[in-house]
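S.K.:
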């Protein structure tokens with residue numbers, strides 16, 4: 001593929017995964033492209049009419065499904081492994097797979113007893129082998145006798161081999177201290193995930209027009225979020241408390257279910273114990289509280305207990321939900337519940353064999369019949385997986401030949417996992433900026449790091465494949481990643497050593513950047529001091545002129561210039577610091593005058609010192625204290641305190657009521673100054689509107705992935721449009737323009753912007769750092785360094801602050817405004833303030849509120865008549881949402897972060913009378929307000945006359 005044909009690379013949501021979009025044929029005379037080829041993962045796929053199943057008519061639930069454990073970061077790690085095999089030089093020799101709980105892939109040896117039993121059922125000829133013990137042969141015969149034809153190659157009952165289900169029931173009964181278990185309630189499955197999905201599918205039904213809600217812990221195992229999306233259910237998130245070792249608070253459960261009922265009907269609660277990815281072990285008291293909550297809220301309990309053998313903390317103990325629920329007695333013992341177990345975890349680690357089971361409690365007989373009917377369509381789970389489950393629940397007993405070796409191998413695995421859990425916890429807690437709760441159970445650590453999300457750096461620089469915390473869910477503003485503790489102890493030490501080296505290098509870069517930011521912040525304060533001196537100088541000049549002083553009496557009337565103050569910032573910093581630290585005598589004062597050195601071609605700032613007697617009148621060059629006009633010394637902070645809250649300037653100023661309308665007035669004036677040309681695409685020789693739409697869709701994904709501020713997205717798109725209004729580019733460079741615009745906007749808006757190398761990577765390294773930096777210079781030059789562009793998002797934030805709009809309406813308005821970003825030809829002719837106002841009006845209408853009010857007219861300056869056409873255009877864009885090929889914005893606003901506003905809102909219908917009705921209502925409201933004001937004035941006048 002030539003460089004001219006490469007237009008766009010992007011990363012899909014949930015991770016940094018490069019893919020390329022290429023336009024395969026040149027445009028026709030009008031600039032239209034006749035066919036488009038999309039390359040994803042370097043595999044060609046065309047959306048031509050020859051294919052009946054396309055991405056447009058694919059099951060939408062599959063398209064929104066994500067699974068971070070096997071997501072883009074993991075795929076990139078696989079690509080790196082292949083590159084290493086081909087001899088590509090990397091800073092590491094191999095990739096350490098710390099992303100998934102695959103025990104045997106990480107070097108764990110299989111349990112001998114399990115493999116011998118499986119060997120016999122697969123190849124009965126081994127029964128004659130004298131090296132195989134009698135207890136192994138007995139187990140294998142029992143399993144084979146339960147199959148048809150005494151072969152594991154035959155189908156079994158849909159629920160599983162009966163004798164194995166009896167062994168499972170006995171195992172559960174023994175585990176729970178004698179509480180009975182019915183084999184008819186046991187369903188053998190293809191891993192625990194197969195049973196989870198089969199039972200979760202039962203809840204795919206709408207109640208009173210609302211989706212069924214499934215409560216999942218955050219952080220959570222992505223199987224649940226993926227399955228919830230697949231079955232078109234509603235994910236209801238409840239947050240575990242990281243400050244309490246990932247404890248579960250009932251108040252948080254109540255908050256979650258109360259908010260969820262606004263958009264869905266919560267019907268299921270998922271509890272993972274021990275936790276994945278957080279490694280906590282629930283106490284019995286906590287389990288009782290959860291059961292009581294579920295009973296009160298009428299929730300079906302999913303007890304994910306696949307890590308029940310993995311408890312390492314000496315003060316913790318596994319309690320099954322069934323045991324606790326039963327021992328609590330009525331009415332709790334009659335609650336509906338399903339618990340899950342697997343051979344993939346524990347000490348077994350037989351992930352690929354895919355064996356698991358579910359025990360169902362108190363399910364309605366008719367529902368249970370429907371479940372068995374649905375399972376029967378799948379025929380049966382793997383017979384090898386069923387045999388593996390039998391080995392877990394019916395292991396060697398004391399006195400049997402295999403017992404001693406079995407116990408030794410089991411204990412060795414669990415004790416090694418315990419040591420690795422402590423090693424991982426202690427190592428991560430030793431890192432600066434990291435905190436990691438103890439790994440009490442399961443197989444994972446979920447450390448938090450107080451840095452920008454750069455998990456990809458680990459895979460690129462040191463060869464460690466982990467899973468970003470965004471794939472499991474995390475509180476807004478926190479960053480985590482999940483890593484397993486499964487690498488063998490020597491490999492784990494190596495992995496943690498690599499982490500340590502990477503982290504130290506990364507922290508040194510962060511500290512350098514903080515130092516640079518502190519210097520820039522200090523220089524900004526210095527600029528303010530200089531401006532204050534200049535203002536006071538001008539005031540004193542006016543004062544002297546008023547009192548009759550002549551031009552010659554001034555020691556120095558040359559105006560102070562601060563245009564190039566940053567070029568001499570070190571000298572400036574030193575002189576200002578000495579100015580603050582030194583005590584100036586009362587009789588004599590030392591003053592620093594900042595002038596441009598005329599002999600210096602670079603126009604660096606020079607500093608000259610002038611001494612004068614205080615008996616003379618204060619003149620324009622004086623900045624010291626005088627008796628008539630005191631000028632207080634200003635302290636100069638050397639560094640920025642660490643505990644200052646990093647809120648944006650916009651948020652800080654909008655908190656002050658007095659500033660709001662001044663800001664609005666300034667923004668309304670400024671938006672005319674920095675507008676792109678509305679028809680610039682017609683004059684571009686090699687790019688068209690569709691290409692810009694694809695670019696914007698990708699930019700939305702990148703900004704969301706990097707968790708950049710929404711204003712960064714709007715600014716970057718504005719920079720692209722303004723740049724292309726004056727510069728023509730070929731299609732092969734369009735992505736470079738978009739990438740660089742995001743880089744500039746991020747540096748302008750973000751506290752910790754991504755590096756240029758990060759943006760280069762997401763283009764699949766189509767461009768180089770040098771190209772991005774050169775393009776940065778060109779864009780800044782074309783924009784005349786005017787980066788402070790009022791955007792629709794900025795106006796929307798201001799309107800929301802003034803009018804106190806709800807979050808739902810705000811996110812809806814943001815959704816509509818971002819849809820407008822895709823269509824330049826339709827929406828560029830409108831001002832950002834108009835777009836924000838129309839988006840807010842449409843959002844209010846969707847939320848069942850009045851389309852427009854008199855208060856909004858006064859705030860925005862727009863009447864409903866001014867924006868009615870734009871409202872209709874936005875609504876039309878919303879109606880086309882379902883047929884759009886570009887899905888980034890829709891997918892973004894389908895997440896719980898934005899209250900799923902793109903998922904539960906049908907396009908609105910408008911007619912001319914709707915707008916007339918609103919306009920008439922506002923007019924009546926205005927007349928009533930005028931009448932009230934008139935009556936109040938008359939009342940005051942009468943009262944005044946009576947008083948006189």
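Numbering (UniProt numbering), first residue to last: 1 to 948. Just so you know, even glycine gets a beta-carbon here, dropped at the ideal spot from N, CA and C.
#1: Under three-state DSSP, which class holds residue 187?
#2: With burial defined as no fewer than 16 other Cβ atoms inside 10 Å of the residue's Cβ, what is the status of residue 342: buried or exposed?
#3: Suppose you measure from the CA of residue 741 to the CA of residue 778; what does that come to, to the nearest Å?
#4: Between which two residues does the beta strand (DSSP E) harbouring residue 225 extend?
#5: Between the segment 400-412 and the segment 349-364, can you find at least three pairs of beta-carbon atoms closer than 8 Å?
#6: Apply the 10 Å Cβ neighbour rule to residue 824 and answer buried if 16 or more other Cβ atoms are within range, or exposed otherwise.
#7: Measuring alpha carbon to alpha carbon, tell me which of 119, 832, 348, 418 ends up nearest residue 383.
#8: Give the secondary structure of residue 360 by DSSP, where H, G and I count as helix, E and B as strand, and everything else as coil.
#9: What residue range is occupied by the uninterrupted alpha helix (DSSP H) comprising residue 119?
#10: With C-beta atoms as the reference, is residue 167 less than 7 Å away from residue 309?
#11: Going by beta carbon distance, what residues of the same chain come within less than 7 Å of residue 832, once the five residues before and after it are set aside?
#12: Between residue 339 and residue 305, what straight-line distance do the alpha-carbon atoms span, to the nearest angstrom?
#13: When you compare only the Cα positions, how much space is there between residue 83 and residue 844?
#14: For the UniProt domain "Cyclin C-terminal" (790-907), list the alpha helix (DSSP H) runs that are entirely contained and at least 4 residues long, ordered along the chain.
#15: Would you tell me roughly how many angstroms separate the C-alpha atoms of residue 253 and residue 180, rounded to the nearest one?
#16: Specify, as a first and last residue, the run of the beta strand (DSSP E) that residue 365 falls within.
#17: In whole angstroms, give me the CA-to-CA distance for residue 275 and residue 224.
#18: Pull up the DSSP beta-bridge partners for residue 339, would you.
#19: Where residue 277 and residue 288 are concerned, what is the direct C-alpha to C-alpha distance, given to the nearest angstrom?
#20: Do residue 104 and residue 349 have their CB atoms nearer than 7 Å?
#21: Please report the straight-line C-alpha distance between residue 397 and residue 139, rounded to a whole angstrom.
#22: For residue 56, does the three-state DSSP call read helix, strand or coil?
#23: With distances taken between CB atoms, is the gap from residue 952 to residue 281 smaller than 7 Å?
#24: Is the number of C-beta pairs between the segment 674-685 and the segment 713-722 that are closer than 8 Å three or more?
#25: Mapping the DSSP letters down to three states, classify residue 88 as helix, strand or coil.
#26: Going by Cα to Cα distance, which pick from 294, 241, 323, 51 is closest to residue 174?
#27: If you check the beta carbons only, do residue 344 and residue 191 fall under 7 Å apart?
#28: For residue 812, which residues in the same chain have their Cβ closer than 6 Å to its Cβ, ignoring the five residues on either side in sequence?
#29: Go to residue 703, then tell me how far its alpha helix (DSSP H) extends in each direction, as first and last residue.
#30: With a threshold of 16 other CB atoms inside 10 Å of the CB of residue 800, please say whether the residue is buried or exposed.
#31: Let me know the secondary structure DSSP gives residue 249 once reduced to three states.
#32: Look at residue 250 and residue 358 and say whether their C-beta atoms are less than 7 Å apart.
#33: So, with DSSP's three-state summary, where would you put residue 262?
#34: Out of curiosity, what's the CA-to-CA distance linking residue 735 and residue 312?
#35: Could you work out which residue in 199, 856, 780, 347 is closest to residue 228 when comparing CA atoms only?
#36: Verify whether the separation of the beta carbon atoms of residue 189 and residue 381 is less than 7 Å.
M.R.: According to the structure data:
#1: The answer is strand: DSSP assigns residue 187 an E or B state.
#2: Its Cβ being crowded by 16 or more others within 10 Å, residue 342 is buried.
#3: Spanning the alpha carbons of residue 741 and residue 778 requires a straight line of approximately 11 Å.
#4: First-last for residue 225: 222-230, but that is the alpha helix (DSSP H), not the beta strand (DSSP E).
#5: Touching, no, given that fewer than three Cβ pairs across the two stretches are closer than 8 Å.
#6: With 16 or more Cβ atoms within 10 Å of its Cβ, residue 824 is classed as buried.
#7: The alpha carbon of residue 383 has as its nearest neighbour, out of 119, 832, 348, 418, the alpha carbon of 119.
#8: The answer is strand: DSSP assigns residue 360 an E or B state.
#9: 112-122 is the span of the alpha helix (DSSP H), which, as asked, contains residue 119.
#10: Here residue 167 is not near residue 309, since their CB atoms are 7 Å or more apart.
#11: For residue 832, where only same-chain residues beyond five positions count, the Cβ hits under 7 Å are 671, 790, 791, 792, 795.
#12: Computed Cα separation, rounded: 7 Å.
#13: Our two residues, residue 83 and residue 844, have alpha carbons roughly 53 Å apart in a direct line.
#14: With a minimum length of 4 residues, the continuous alpha helix (DSSP H) runs that stay inside the UniProt domain "Cyclin C-terminal" (790-907) are 792-803, 807-821, 824-827, 832-846, 854-860, 864-879, 888-892.
#15: Straight-line Cα distance between these residues: approximately 31 Å.
#16: Unbroken run through residue 365 is the alpha helix (DSSP H), 365-376; no beta strand (DSSP E).
#17: Spanning the two alpha carbons is a distance of roughly 13 Å.
#18: Beta-bridge pairing links residue 339 to 303, 359.
#19: Each residue's Cα considered, the two are about 22 Å apart.
#20: Yes, Cβ-Cβ distance for residue 104 and residue 349 is below 7 Å.
#21: A direct Cα-to-Cα measurement between residue 397 and residue 139 gives close to 12 Å.
#22: In the displayed model, residue 56 falls within coil according to three-state DSSP, outside both helix and strand.
#23: Outside the shown range of the chain, which is 1 to 948, sits residue 952, and nothing can be said about it.
#24: As far as the Cβ criterion goes, the segment 674-685 touches the segment 713-722, which means the pair count is three or higher.
#25: The answer is coil: DSSP assigns residue 88 none of H, G, I, E or B.
#26: The residue from 294, 241, 323, 51 with its alpha-carbon nearest to that of residue 174 is 323.
#27: The criterion of a C-beta distance shorter than 7 Å is satisfied by residue 344 and residue 191.
#28: Closer than 6 Å at Cβ, skipping near neighbours: 843, 846, 901.
#29: Bounds of the alpha helix (DSSP H) holding residue 703 are 689-705.
#30: The residue in question, residue 800, is buried, as its Cβ has 16 or more Cβ neighbours within 10 Å.
#31: Residue 249 falls in the coil class under three-state DSSP.
#32: Residue 250 places its beta carbon 7 Å or farther from that of residue 358.
#33: Look at residue 262 here: in three-state DSSP terms it is coil, with no helix or strand label.
#34: Residue 312 has its alpha-carbon roughly 50 Å from the corresponding atom of residue 735.
#35: Between residue 228 and the set 199, 856, 780, 347, the nearest pair of CA atoms involves 199.
#36: Yes, the pair counts as a contact, with Cβ atoms nearer than the cut-off.
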